[in-house]
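Before any comments, here is the structure.
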Amino acid sequence: MEVLVMEEVQRQLKALPARTIEYIQPAQVRAYALNRLPALYATSEEGARKQKLRAKMNLQDKITAAVHQGFSAVQQDPLRRMTHHSLSVNETQAQSALHDLQELLQRPDLSWENVVRITERALVETRSGKVTWQRISDTDYEMDWDSGEVYRR
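Here the sequence shown stands for residues -13 to 139, numbered as in this note's numbering.
Laid out in structure tokens, this is it:
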């Protein structure tokens, strides 16, 4: 549920005026929305995928509405300038690290839900010789994992 809410917050943020965005803490909107939505628990990756699919199919309208209400509540909250939980401070760094890993592994589908599985697979393939790594200093280069060739973007 957290991933779906985060995606919806990002989608709705894009529709807001830049001046409004300056005063909004996405973590507060997410917390507001998540507190109004059912929790979805899973004990396996397969179970998590099924729960996410179920939420997308059955709860997307509720997610959209809860996030919309979250934006309204956060904008009207006189306490919104309070000190935020330290996790929200590191959130940008975490998203940046995930983005860097998506580029490194050339896996735009990489998410916090599958980062361990996909990274583990890349390491196993490297160890078996199926994938080789090459250090490149210029970020204008990209590696084709199938051929092993490096080319300019």
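For each residue, glycine too, the CB sits at the ideal point set by N, CA and C.
For residue j and residue i, believed in contact at Cβ under 8 Å, the rounded distance
{"i": "Y159", "j": "A59", "result": "Any property of residue 159 remains undetermined from this structure, which presents the chain solely from -13 to 139."}
{"i": "E(-6)", "j": "T50", "result": "6 Å"}
{"i": "Q(-2)", "j": "F57", "result": "6 Å"}
{"i": "L(-10)", "j": "K42", "result": "7 Å"}
Straight-line Cα distance separating residue j from residue i
{"i": "M(-13)", "j": "H54", "result": "16 Å"}
{"i": "P12", "j": "T6", "result": "12 Å"}
{"i": "W119", "j": "P94", "result": "18 Å"}
{"i": "P24", "j": "R113", "result": "41 Å"}
{"i": "N21", "j": "T78", "result": "22 Å"}
{"i": "K116", "j": "N100", "result": "21 Å"}
{"i": "V15", "j": "Q62", "result": "12 Å"}
{"i": "A52", "j": "R40", "result": "17 Å"}
{"i": "L96", "j": "L109", "result": "15 Å"}
{"i": "Q26", "j": "K38", "result": "Reading the sequence as shown, one finds Leu at residue 26 and not Gln. So the two alpha carbons sit approximately 8 Å from each other."}
{"i": "E111", "j": "T105", "result": "10 Å"}
{"i": "A4", "j": "Q92", "result": "31 Å"}
{"i": "D47", "j": "R107", "result": "35 Å"}
{"i": "A1", "j": "A80", "result": "23 Å"}
{"i": "L142", "j": "V102", "result": "With the chain represented from -13 up to 139, any question about residue 142 goes unanswered, as that position is not in the structure."}
{"i": "A28", "j": "S82", "result": "26 Å"}
{"i": "N44", "j": "W98", "result": "22 Å"}
Residue i, enclosing alpha helix (DSSP H) - first and last residue
{"i": "M(-8)", "result": "E(-12) to K0"}
{"i": "Q37", "result": "E31 to N44"}
Coarse secondary structure for residue i, derived from DSSP in three states
{"i": "G56", "result": "helix"}
{"i": "R93", "result": "coil"}
{"i": "R22", "result": "coil"}
{"i": "R5", "result": "helix"}
{"i": "V117", "result": "coil"}
{"i": "A17", "result": "helix"}
{"i": "A28", "result": "coil"}
{"i": "E99", "result": "coil"}
{"i": "Q11", "result": "coil"}
The segment 79 to 92 in contact with the segment 22 to 40 per 3-pair CB rule at 8 Å:
Because the criterion of three Cβ pairs below 8 Å is not met, the segment 79 to 92 and the segment 22 to 40 do not touch.
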